[in-house]
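Presented below is the structure to which this report refers.
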Amino acid sequence: MRLALAVAERALPGGDVPIGAVVLDADGTVIGEGFNRRELDADPTAHAEVLALRAAAVEVGQWRLEGCTLVVTLEPCTMCAGALVLSRVDRVVFGAFDPKAGAVGSLWDVVRDPRLNHRPEVVAGVLAEDCGRVLREFFEGHRG
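Start counting at 1 in the sequence shown, then tack on 537, and there's your number in the numbering used here.
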């Protein structure tokens, strides 16, 4: 999670919300990382999780990320939760909860929906205070 927090900081120069994500293979090696780039790329899908999954898929040469873990500083939204299911990651680890848009337990629980063909393990609240502080400081700075 500390690495994901460090990756999140890279979103700040582009004016993006500082969310970072890393994908680890079964051995714990980082095979993908991403930070929010929606503002920088003018792309509504450029969330940290999606970018990290894309990088990991390129690294392993396939879209199936079985045996992998995604670590992200904020609970994934519905789009990202869907991407996690479709990429077949084994585990999702997140920091801060997102009561307004979280789709891994807070508002929805996409990744554990029994109707879907894959349900990754979820580990929630890892370094939640640190992850939440980064986001609070960002939004306080934007609200004046």
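We put the beta carbon where it would ideally sit given N, CA and C, even for glycine. Note that this is a predicted model, so its numbers are computed, not measured.
Quick one: what does DSSP say residue i is sitting in, helix, strand or coil?
i       : result
Asp-646 : strand
Ala-633 : strand
Thr-582 : coil
Glu-603 : coil
Gly-571 : strand
Do the CB positions of residue i and residue j come within less than 8 Å of each other?
i       : j       : result
Arg-625 : Thr-606 : no
Val-660 : Cys-617 : no
Pro-613 : Leu-623 : no
Val-671 : Thr-610 : yes
Pro-529 : Val-647 : What is shown of the chain runs 538 to 681, which leaves residue 529 out entirely.
Quick one: give me the first and last residue of the alpha helix (DSSP H) that residue i is part of.
i       : result
Val-675 : Reading off the sequence, residue 675 comes out as Phe, not Val. Counting along the chain, the alpha helix (DSSP H) containing Phe-675 begins and ends at 665-680.
Val-622 : 615-624
Can you tell which of the options has the C-alpha that lies nearest to the C-alpha of residue i?
i       : options                               : result
Leu-542 : Leu-577, Ala-585 and Asp-635          : Ala-585
Cys-668 : Arg-601, Gly-632, Val-560 and His-679 : Gly-632
Gly-571 : Ala-579, Ala-558 and Leu-577          : Ala-558
Gly-662 : Arg-656, His-679 and Asp-635          : Asp-635
Leu-561 : Glu-674, Val-608 and Pro-581          : Val-608
Glu-677 : Met-538, Pro-555, Leu-644 and Leu-653 : Pro-555
Asp-564 : Asp-650, Leu-602 and Pro-550          : Leu-602
Val-630 : Gly-619, Trp-600, Leu-664 and Asp-650 : Leu-664
Asn-654 : Gly-619, Phe-675, Gly-551 and Ser-643 : Gly-619
What residue range is occupied by the uninterrupted beta strand (DSSP E) comprising residue i?
i       : result
Ala-660 : Note that residue 660 is Val in the sequence shown here, rather than Ala. Where Val-660 is concerned, the enclosing beta strand (DSSP E) stretches over 658-661.
Leu-611 : 606-611
Ala-558 : 557-561
contact_flag[the region 629-647, the region 589-596] where n(CB pairs < 8 Å) is 3 or more: no
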